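Written out below as structure tokens is the structure these notes cover.
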Amino acid sequence: MAVQGADVLVVGAGVVGRSLAFALAVAEPSVRVVLAGDTGGAAANAAASGAAGAMLGALGEVTECGLRTRHGRLRTDLAVEAAGLWPSWRARVRTAAGAAAPDRDGYGTGTFMILNAVSSALDDASFTAVAQAAAEYGLGCEETTPAGIPGYRPLDNDRALRAWYLPGEGFLDARAWLATLDTALAALPHTIRTPAGTLTAAPEGGYLLDTPAGVFRAPRAVVAAGAWTTPILEALDPDLPVVPVLAAAGTAVTVTGPETWPAVIRTPNRAYACGLHAVPQADGSLYLGASAHPALTPPRPTAGALRFLLDAALSQLDHRLAGAGITHTHHGNRPLSLDGHPVIGPTLREGLWVASGTHRDGLHASPLIAAALADALLAPTPTDDPLPGVLAAFDPGRELISDLTVKEAAAEAAAHHAALAAEARMRPPLTGAWPQTLADGYADLLDRAYAAMPEGYIPPPDLAPLAYESTGPALAEIAAAHLARHDRAHA
12 MAVQGADVLV VGAGVVGRSL AFALAVAEPS VRVVLAGDTG GAAANAAASG
62 AAGAMLGALG EVTECGLRTR HGRLRTDLAV EAAGLWPSWR ARVRTAAGAA
112 APDRDGYGTG TFMILNAVSS ALDDASFTAV AQAAAEYGLG CEETTPAGIP
162 GYRPLDNDRA LRAWYLPGEG FLDARAWLAT LDTALAALPH TIRTPAGTLT
212 AAPEGGYLLD TPAGVFRAPR AVVAAGAWTT PILEALDPDL PVVPVLAAAG
262 TAVTVTGPET WPAVIRTPNR AYACGLHAVP QADGSLYLGA SAHPALTPPR
312 PTAGALRFLL DAALSQLDHR LAGAGITHTH HGNRPLSLDG HPVIGPTLRE
362 GLWVASGTHR DGLHASPLIA AALADALLAP TPTDDPLPGV LAAFDPGREL
412 ISDLTVKEAA AEAAAHHAAL AAEARMRPPL TGAWPQTLAD GYADLLDRAY
462 AAMPEGYIPP PDLAPLAYES TGPALAEIAA AHLARHDRAH A
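Quick note, the sequence shown lines up with residues 12 to 502 if you use our numbering.
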């Protein structure tokens, strides 16, 4: 089979890969872009993009811990910058898609953040941090009465006593948006879509992509394959020191509710996750999300995750949804890096770039990531320098990030564990010292789990379950192997 020439290979057809292909082709119409990835079948259905809730929020992900740490602050900076790009980015994509684009993509603004007691004091701290961040960044945050929130009908014993209204927080129907991107890409003459393939280094330089649709060669390749990024990079170059990307599985459902909701309703981030949330969809249905569980490799959905989600949504958001029809069950694997932060920029291999590790921020940050990468890849003088601005902190070959000490990280993870127990309705016996005994037990569990990690690696709270469950030794092995690769490359 003859090898076809291209300018850039984009490996991974999630929202980041599709957005990058679009940004490249629009910025330079003559550039030949190959976008490789499955958009149907089991592999595509397990990816993060198609299962996303698509809350385009700069404030929604703010937590007390994030606001007091350097890289947490940088993530908020990134979210605020990305939020500002969405109106013009959406207009550009829809214009390119033309009349063939979906009539509605579910885009809207407005989010109600509720503070109820179905969690722990972590919610209180993050609820306060959201208002603090809004004031610092000049964003809207208004106190509102929970009982007046449209569509909000929790059980009485799960009701919120406080709520913010965040008027500038956007939202979108992720499925409709992906269809819009696909329509826009189909209209671009030099963009080639292929199924997933194998990426290798070409003997004469550059990269080869072997797909069922043909073999393509280009001087530059971008791996934007989400939770599947690390296996692709390891097959290409097992000694490449790129921060590993694991999976954070999430389950969500779309339901037909008793009324159309005009805005998002959500809790703060809680219990290792993005908080309970409901997002209006383009067709009037309602997206309920989302469970969260880290994994070493992308897993299948579980009955327990679905049960937990539905129990939380029906009791904390709208008990009337008990009679709603479930139109779709979503399952996706968010790309969660070893240190919990994005992995974006050039690698030590000439012409090889990575755009992954975005966890819950991929769709929201996609316009910013796509624009920054497109500018760098199309620069008249190729460079392997880190990307400019906020993204420079998340270079793929960086040292592992940790803004917390081992003791601080273990304590933060123990607080998340307690929050998870509270939301799961775990009620300790009201005799003796059981409540404090359980809290001490969580702290001891996490202290031992963190102590078992190799020196130089402190898991972020989102990965703490991998550290204290049976996967702990395997997580330690992944971290030790990466630290050794990094040391060898920078010796």
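Even glycine gets a Cβ: it sits at the ideal position worked out from N, Cα and C. Here the structure is a predicted model, which means the values were calculated and not measured.
What are the residues that DSSP puts in a beta bridge with residue i?
i: residue 154; result: 175
i: residue 123; result: 176 and 276
i: residue 138; result: Partner(s): none; residue 138 has no beta bridge.
i: residue 367; result: 354
i: residue 20; result: 45 and 232
i: residue 182; result: 66 and 119
i: residue 343; result: 261
i: residue 281; result: 284 and 285
Would you give the residue range spanned by the alpha helix (DSSP H) that residue i belongs to?
i: residue 287; result: Counting along the chain, residue 287 falls outside any alpha helix (DSSP H), and DSSP gives it neither H nor E.
i: residue 489; result: 483-500
i: residue 87; result: 81-108
i: residue 111; result: No alpha helix (DSSP H) holds residue 111; DSSP gives it neither H nor E.
i: residue 448; result: 445-462
i: residue 417; result: 417-434
i: residue 78; result: 75-78
Determine the DSSP secondary structure at residue i, reduced to helix, strand or coil.
i: residue 335; result: coil
i: residue 329; result: strand
i: residue 391; result: coil
i: residue 377; result: helix
i: residue 473; result: helix
i: residue 30; result: helix
i: residue 300; result: strand
i: residue 43; result: coil
i: residue 2; result: Residue 2 lies beyond the stretch modelled for the chain, which goes from 12 to 502, so this question has no answer here.
i: residue 160; result: coil
i: residue 306; result: strand
i: residue 15; result: strand
i: residue 7; result: No answer is possible for residue 7: the residues shown for the chain start at 12 and end at 502.
i: residue 60; result: helix
i: residue 242; result: helix
i: residue 50; result: coil
i: residue 256; result: strand
Should residue i go down as buried or exposed, given a rule of 16 or more other Cβ atoms within 10 Å for buried?
i: residue 503; result: Examination of residue 503 is not possible in this model, given that the chain is present from 12 through 502 alone.
i: residue 393; result: exposed
i: residue 308; result: exposed
i: residue 447; result: exposed
i: residue 124; result: buried
i: residue 132; result: exposed
i: residue 501; result: exposed
i: residue 437; result: exposed
i: residue 143; result: exposed
i: residue 413; result: buried
i: residue 86; result: buried
Got a sec, what are the start and stop residues for the beta strand (DSSP E) residue i sits in?
i: residue 507; result: Nothing about residue 507 can be reported from this structure: the residues present for the chain run from 12 to 502 only.
i: residue 229; result: 225-229
i: residue 212; result: 209-212
i: residue 205; result: 202-205
query = Should the stretch 157-166 be called in touch with the stretch 67-81, which here means at least 3 C-beta pairs below 8 Å?
reply = no
query = Pairing CB atoms from the stretch 280-288 with CB atoms from the stretch 352-359, are three or more of them under 8 Å?
reply = no
query = Does the stretch 287-297 come within contact of the stretch 262-273, defined as at least 3 CB pairs closer than 8 Å?
reply = yes
query = Is there contact here, the stretch 90-101 with the stretch 373-393, by at least three beta-carbon pairs under 8 Å?
reply = yes
ask   = Contact between the stretch 221-235 and the stretch 363-370: three or more CB pairs below 8 Å?
value = yes
request  = Could you tell me whether the stretch 175-185 touches the stretch 205-221, where touching means 3 or more Cβ pairs closer than 8 Å?
outcome  = no
task = Say whether the stretch 103-120 touches the stretch 191-198, bearing in mind that this needs 3 or more beta-carbon pairs closer than 8 Å, one atom from each stretch.
result = yes
inquiry  = Check whether the stretch 246-259 and the stretch 487-500 touch, using three or more Cβ-Cβ pairs below 8 Å as the test.
reply    = yes
ask   = So, do the stretch 384-401 and the stretch 24-43 have three or more beta carbon pairs nearer to each other than 8 Å?
value = yes
Given 8 Å, three or more beta-carbon pairs between the stretch 301-320 and the stretch 149-157 = no
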